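Position 115 of the sequence shown, counting from 1, maps to 115 under the working numbering, and the rest follow consecutively. Glycine included, C-beta positions come from ideal geometry on N, C-alpha and C. As the structure is a computational prediction, the values presented were derived from the model and not from experiment.
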Amino acid sequence: MAQPPPAARHPTNEHTVQAVLWVQRSGEYRALCHQAFNLARRVLDEELKASPASKKRAVVVDVDETVLDNSPYQARLIKTRQAYATATWRQWVDLARAEAMAGAVEFLKHASSRGVEVFYISNRRAEEHAGTLVNLRAKGFPHADNAHLLLRTAEGSKTKRRAAVSATHEIVLLMGDNLNDFSDVFDGKEPAGRIAEVEKLAKEFGRRFIVLPNPLYGDFEDSIYRYNRGLPETEKDVLRKGALKDY
Ligand SMILES: [Mg+2]
1 MAQPPPAARH
11 PTNEHTVQAV
21 LWVQRSGEYR
31 ALCHQAFNLA
41 RRVLDEELKA
51 SPASKKRAVV
61 VDVDETVLDN
71 SPYQARLIKT
81 RQAYATATWR
91 QWVDLARAEA
101 MAGAVEFLKH
111 ASSRGVEVFY
121 ISNRRAEEHA
131 GTLVNLRAKG
141 FPHADNAHLL
151 LRTAEGSKTK
161 RRAAVSATHE
171 IVLLMGDNLN
181 DFSDVFDGKE
191 PAGRIAEVEK
201 LAKEFGRRFI
211 VLPNPLYGDF
221 EDSIYRYNRG
231 LPETEKDVLR
241 KGALKDY
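Laid out in structure tokens, this is it:
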């Protein structure tokens, strides 16, 4: 196979610079994180007041860009002109140095103090289990143990893992930065299809579903590439520009 051109081998990641800066340097991003966890607390407290649950209550959270901030990994990719790779990601996970998202520990500790269990449903891989637990524990997250950390199995869909929690617990709310943290109706859809599904579920957001902002990466981006994450950077750039809507 012919070598890809230098630009493809050494991506500039220029399109992610603004997103990383927004996450790391804007007060607005931090305020939105607090807003999400403050809202979560209000929803949970109202639920606890409302009626006794038939099952033990649970809050389900995603890990990356929902309770842990991996923006330093993204910043490193920019500085070293590398694309995301499982080997470098694994190194970052094993360092267990991700900071907690603003408001996350406080909210989850509050939930735990009220007898609500916290489940972490993440698509980190099985080999990242140990590093993830070390990181969550170091930051003071409650229920950071084997029983409450459900990582990626054979499939990326989180539906079965949510169902496993539902079998024994009443899930009061789900928190995530990617729509697949809430439902699988978004899976594999093009951008317009994902937006249409959000509209159908509009009433759930801010109630049972609480979203954290993540402009760094996610299915929103992959959907623009028609889920071909391995495309050369030059082709991704063409698809990104082609997806822009002007007037
Ligand atoms: Mg995430």
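Tell me the DSSP secondary structure of Phe186 in three-state form. Coil, per DSSP.
Selected residue, minimal CA-CA separation from Thr86, among Arg42, Ala154 and Glu128: If you compare the alpha carbons of Arg42, Ala154 and Glu128 with that of Thr86, the shortest gap goes to Glu128.
Residues of its chain near His169, where Cβ-Cβ distance is below 7 Å and the 5 sequence neighbours each way are ignored: Around His169: Lys55, Lys56, Arg57, Ala58 and Glu117.
Expected contact under 8 Å - CB spacing of Thr132 and Val93 to nearest Å: About 6 Å separates the Cβ atoms of Thr132 and Val93, confirming a contact at the 8 Å cut-off.
Between the Cα of Leu239 and the Cα atoms of Tyr247, Glu221 and Asp69, which residue gives the shortest distance? Checked all of Tyr247, Glu221 and Asp69; the closest Cα to Leu239 is Glu221.
Where are the beta strand (DSSP E) runs, 3 residues long or more, that stay fully inside the region 92 to 150, in chain order? Along the length of the region 92 to 150, whole beta strand (DSSP E) runs at least 3 residues long occupy 117 to 121, reported in chain order.
How about Thr153: is its Cβ closer than 7 Å to a heavy atom in ligand 1? Outside the cutoff, so no.
Boundaries of the alpha helix (DSSP H) in which Lys158 is found, first to last residue: In the DSSP assignment, Lys158 falls outside any alpha helix (DSSP H), carrying neither H nor E.
Count the other CB atoms, across all protein chains shown, that sit within 10 Å of the CB of Gln328; report buried if there are 16 or more and exposed otherwise. Absent from the structure is residue 328, since the part of the chain shown begins at 1 and ends at 247.
Given a threshold of 16 other Cβ atoms within 10 Å of its Cβ, counted over all protein chains shown, does Pro4 qualify as buried or as exposed? Since pLDDT at Pro4 reaches only 49, below the 50 mark, its modelled position is unreliable, and the value read off the structure follows with that caveat. Exposed: under 16 other Cβ atoms inside 10 Å.
Let me check one thing: in DSSP terms, what residues is Gly176 bridge-paired to? Paired residue(s): Val211.
Close beta carbons around His10, own chain, < 6 Å, minus the five adjacent residues each side: The beta carbon of His10 is closer than 6 Å to those of Arg81 in its chain, skipping five residues each way along the sequence.
Compare the beta carbon distance of Val176 and Asp62 with 8 Å and say whether it is the shorter of the two. Sequence check: residue 176 is Gly here, not Val. Result yes, Cβ atoms of Gly176 and Asp62 sit closer than 8 Å.
Using a Cβ-Cβ cut-off of 8 Å (strictly less than) and excluding sequence neighbours within five positions of Leu136, which residues of its own chain qualify? Non-local C-beta neighbours of Leu136 in its own chain, meaning closer than 8 Å and more than five positions away in sequence, comprise Val63, Val67, Leu68, Tyr120, Ala144 and Leu149, ordered along the chain.
Tell me whether Gly205 is buried or exposed, calling it buried when 16 or more other Cβ atoms sit within 10 Å of its Cβ. Per the sequence presented here, residue 205 reads as Phe, with Gly not at that position. Exposed is the call here.
DSSP three-state assignment for Val63, whether helix, strand or coil: In this structure, Val63 counts as coil in the three-state DSSP scheme.
Taking only the alpha-carbon atoms, compute the straight-line gap between Gly188 and Ser223 and give it to the nearest angstrom. Looking at the two C-alpha atoms, the distance is approximately 7 Å.
Could you say if the region 101 to 114 and the region 26 to 46 meet the contact criterion of at least three C-beta pairs nearer than 8 Å? By the criterion of at least three beta-carbon pairs nearer than 8 Å, the region 101 to 114 is in contact with the region 26 to 46.
Expressed to the nearest angstrom, what Euclidean distance is found between the alpha-carbon atoms of Ala8 and Glu235? Confidence is the limiting factor: at Ala8 the pLDDT is only 47, short of 50, which leaves the residue's position unreliable and the question unanswerable from this model.
On the three-state DSSP scale, how would you describe Arg240? Reduced to three states, the DSSP call for Arg240 is helix.
Quick check: does the Cβ of Asn178 come within less than 7 Å of any heavy atom belonging to ligand 1? For ligand 1, at least one heavy atom lies less than 7 Å from the Cβ of Asn178.
According to DSSP, is Arg81 helix, strand or coil? Residue state, collapsed to three classes: coil.
To the nearest angstrom, how far is the alpha carbon of Ser26 from that of Ala19? Taken atom to atom, the span from the alpha-carbon of Ser26 to that of Ala19 is near 10 Å.
Might you give, ordered along the chain, the residues of its own chain that have their beta carbon closer than 7 Å to the beta carbon of Gly156, omitting 5 neighbours on each side? For Gly156, where only same-chain residues beyond five positions count, the Cβ hits under 7 Å are Asn123.
Looking at C-alpha atoms only, which residue of Lys79, Pro232, Leu44 and Gln24 is the closest neighbour of Ile171? Cα-wise, what sits closest to Ile171 is Leu44.
For Asp246, three-class secondary structure by DSSP: Of the three classes helix, strand and coil, the one that applies to Asp246 here is coil, per DSSP.
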